[in-house]
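Step one of this worksheet: look at the structure below.
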Amino acid sequence: MEKAIQLKVRKDLDARQQHTILKLKGSLISKGYTEIIHILDKDEQYHINYFETEADRGTEVRDYIRAFISDENLIDAAEMLS
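Numbering (my numbering), first residue to last: 87 to 168.
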């Protein structure tokens, strides 16, 4: 069974934040956590980025994303929803 992971990402990111969010998405794919990341328009301020990963890697993926957001100072730009 696969586990869905969701990120809420602000639309009004500066160039550095945009580049770093792309870096996060690329690393999620290159590390084999997922093959594709989907993007939905949530509202005027946010996108929802979501993907599925193997259920037994769910905690590992969440820990990686939390650490990445913290290390790259993206706390105001992105938030993990699930």
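Heads up, the beta-carbon is just placed ideally off N, CA and C, and yes, glycines get one too.
Remember, predicted model here, so these are calculated numbers, not experimental data.
If we ignore side chains and look at the alpha-carbon of each, how far apart do residue i and residue j end up?
i: M87; j: H133; result: The predicted model places M87 with a pLDDT of 48, which falls under 50 and marks its position as unreliable; any figure quoted below should be read in that light. Distance between the alpha carbons of M87 and H133 is about 26 Å.
i: D129; j: S116; result: 29 Å
Would you list the one or two residues that DSSP bridges to residue i?
i: T139; result: K89
i: V95; result: H133, A164
i: D127; result: H133
What does a CB cutoff of less than 8 Å around residue i pick up in its chain, not counting 5 residues either side in sequence?
i: F154; result: L110, S113, L160
Tell whether a beta-carbon distance below 7 Å holds between residue i and residue j.
i: F137; j: I123; result: yes
i: V147; j: Y119; result: yes
i: T139; j: I91; result: yes
If I follow the unbroken alpha helix (DSSP H) through residue i, where does it start and stop?
i: E158; result: Per DSSP, E158 belongs to no alpha helix (DSSP H) and is neither H nor E.
i: K111; result: 101-116
Report all residues from its chain with a CB closer than 7 Å to the CB of residue i; omit the five preceding and five following residues, and keep chain order.
i: R143; result: Y119
In chain order, what residues of the same chain lie with their CB nearer than 6 Å to the CB of residue i, ignoring the 5 residues before and after it?
i: L126; result: I134
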